[in-house]
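Heads up, the sequence shown is in this note's numbering, so the first residue is 1 and it goes up one at a time.
Since the structure comes first, as structure tokens, the remarks are kept for the end.
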Amino acid sequence: MQHLVVPTFVIDPKRRVVIWNRACERLTGVAASEVIGTTKHWQAFYETKRHCLADLVALDLPEQLPELYSEYAARGHNGLGFSAENWCVMPKLGNQLYLAIDAGPIHDDAGNLIAVVETLRDLTDQKRAEMTLKELATKDGLTGLSNRRSFDQMLMSEWSRAQRTQQPLSLLFLDVDHFKLFNDLHGHQTGDECLRAVAAVVSRHAWRPLDLATRYGGEEFALIMPEMSSNDACAVAEAIRNAVTDLRITHGAEGAGEHVTLSVGVASHIPGEDDDRPDRLLGSADQALYAAKRLGRNRVISAEQMLAEFARLDRGALQVPGSASRKSA
């Protein structure tokens with residue numbers, strides 16, 4: 001055991017450490033003398049007391065695997081034990097490691113448990129590389145918000161959940177007013193800075209765990225807000241619009257205002273049994289954004305109030321658009 005290059009420790013049926021090899025000392029920073037004969041092996045990996053994988057094998061507790069490990073496999077009661085992967089805080093080293101863990105029982109000829117062997121593999125570099133690749137695949141490079149691919153996946157997922165729970169799903173489309181004129185006047189580098197500033201505002205208002213702020217494309221952003229009514233979504237949209245105005249980013253192009261502003265379209269829907277795709281929600285939010293633009297920009301319009309706004313302002317010459325296919329998920 002001492003000459004194994006694989007970090008390994010062994011516990012007895014009472015979960016006391018009987019072997020803690022040199023590779024395990026190097027991995028954890030914990031000397032064998034600190035843990036041999038004790039049940040304190042958890043202290044090498046976690047700051048608060050909890051079971052290690054070997055403990056779950058010794059206690060035959062496969063039901064606790066989902067609570068303790070992000071990735072796991074229970075290989076039954078046939079003597080093969082459990083496998084898992086997990087971030088460990090490694091208190092002695094002062095850093096975090098992502099470990100692949102295997103724990104297997106040893107039985108005597110009568111089938112009695114005499115020990116559990118746990119082996120560890122450091123997959124930290126591999127895991128961080130995977131996380132970086134995943135972030136690159138799901139994040140917009142300019143703003144750091146989620147990208148269109150993430151938006152499409154999240155919208156379909158939340159649409160299905162709203163269909164099951166019969167809770168409203170709200171969607172905001174947000175567009176920087178006269179952005180082409182801004183770019184033409186101030187240059188693309190300043191335009192990028194403007195988009196990053198607006199993105200930061202949108203991101204701050206996606207404060208609930210399931211909210212998703214996205215750069216939808218160009219100067220357009222989207223915000224998915226599950227379990228939120230139209231009125232509440234409009235309040236969030238108004239807060240975002242005001243916050244962008246408060247940035248006081250100088251615009252000044254001919255035909256635009258003094259400062260950068262935002263137009264927002266809001267739609268909310270509770271999907272029925274026949275609503276297998278969120279096209280209706282997408283189209284409604286797109287129409288509402290179109291209406292906000294046509295009615296003068298720098299405003300929030302919901303799908304519910306859109307027709308009323310056109311009628312109130314007596315703009316009969318302005319046609320409300322049909323469903324916009326470009327927003328299809």
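Every residue, glycine too, gets a C-beta built ideally from N, C-alpha and C.
Item, Value
"Smallest Cα separation from Arg276: which of Phe179, Leu212, Arg215, Leu155?", "The sequence given here has Asp at residue 276, not Arg. Ranking Phe179, Leu212, Arg215, Leu155 by Cα distance to Asp276 puts Leu155 first."
"Using the three-state DSSP reduction, which class does Val236 fall into: helix, strand or coil?", "helix"
"Run through DSSP, which three-state label would Leu331 get?", "No information on residue 331 is available, as it lies outside the stretch 1 to 329 that the chain covers here."
"Go ahead and pull the three-state DSSP assignment for Ala23.", "helix"
"Express the C-alpha separation of Gly141 and Arg149 in angstroms, rounding to a whole number.", "13 Å"
"Output yes or no for whether 9 Å exceeds the beta carbon distance between Ala54 and Leu172.", "no"
"Classify Leu123 as helix, strand or coil using the three-state DSSP reduction.", "coil"
"For the segment 91 to 163, which segments carrying the alpha helix (DSSP H) assignment without a break, of at least 4 residues, lie completely within its bounds, in sequence order?", "124 to 138"
"Is the beta carbon of Ser263 closer than 9 Å to that of Arg297?", "yes"
"Using only CA atoms, which one of Asp152, Tyr290, Gly283, Ser302 lies nearest to Arg215?", "Asp152"
"Please name the residue or residues paired with Cys88 in a DSSP beta bridge.", "Leu97"
"Which value, in whole angstroms, describes the spacing of the CA atoms of Thr119 and Glu158?", "40 Å"
"Short check: CB of Ser230 to CB of Ala303, under 9 Å?", "yes"
"Helix, strand or coil for Arg215? Go by DSSP, reduced to three states.", "strand"
"Determine the extent of the beta strand (DSSP E) in which Phe179 is found, giving its start and end residues.", "First-last for Phe179: 179 to 186, but that is the alpha helix (DSSP H), not the beta strand (DSSP E)."
"Quick one, which of Leu99, Lys40, Leu93 has its alpha-carbon nearest Tyr69's?", "Leu99"
"What does the Cβ neighbour count give for Glu219, buried or exposed, with the cut at 16 atoms within 10 Å?", "buried"
"Check for me: the beta strand (DSSP E) holding Gly265 runs from which residue to which?", "262 to 269"
"Measuring only the C-alpha atoms, how far is Val201 from Arg294?", "24 Å"
"Measuring only the C-alpha atoms, how far is Thr8 from Glu135?", "33 Å"
"Looking at the strands, I want to know which residues DSSP matches up with Glu220.", "Asp175, Gly217"
"Enumerate in chain order the residues of its own chain whose CB-to-CB distance from Asn86 is below 8 Å, with the five nearest sequence positions on each side excluded.", "Leu68, Tyr69, Ser70, Glu71, Tyr98, Leu99, Ile101"
"Could you check where the beta strand (DSSP E) with Ser335 kicks off and where it finishes?", "Here the chain covers residues 1 to 329 and nothing more, so residue 335 does not appear."
"Counting C-beta neighbours from all protein chains within 10 Å, is the total for Trp20 16 or more, i.e. buried, or is it exposed?", "buried"
"Could you tell me how far apart the beta carbons of Pro226 and Leu169 are, in whole angstroms, since I believe they sit closer than 8 Å?", "6 Å"
"Over the uninterrupted beta strand (DSSP E) stretch that includes Val300, give me the two end residues.", "300 to 302"
"Ordered along the chain, which non-local residues of its own chain (more than five positions away) have a Cβ less than 8 Å from that of Val236?", "Leu172, His205, Leu223, Met225, Met228"
"For Arg50, collect the residues of the same chain with a Cβ closer than 8 Å to its Cβ; drop the 5 residues on either side in sequence, then sort them by chain order.", "Trp42, Leu68"
"Return the chain-ordered list of same chain residues with a C-beta closer than 6 Å to the C-beta of His77, the five sequence neighbours on each side being excluded.", "Low confidence applies here, because His77 scores a pLDDT of 46, under 50, leaving its location unreliable; read the following figure in that light. Closer than 6 Å at Cβ, skipping near neighbours: no residue."
"Just the C-alpha distance for Arg45 and Ser83, rounded to the nearest angstrom, thanks.", "Residue identity check: residue 45 is Phe in the sequence provided, not Arg. Cα to Cα, Phe45 sits roughly 16 Å from Ser83."
"Go through its chain and collect everything with a Cβ distance to Ala32's Cβ below 7 Å, but skip five positions before and after it.", "Trp20, Glu25"
"Would you call the segment 182 to 192 and the segment 252 to 259 in contact, with 3 or more CB pairs under 8 Å?", "yes"
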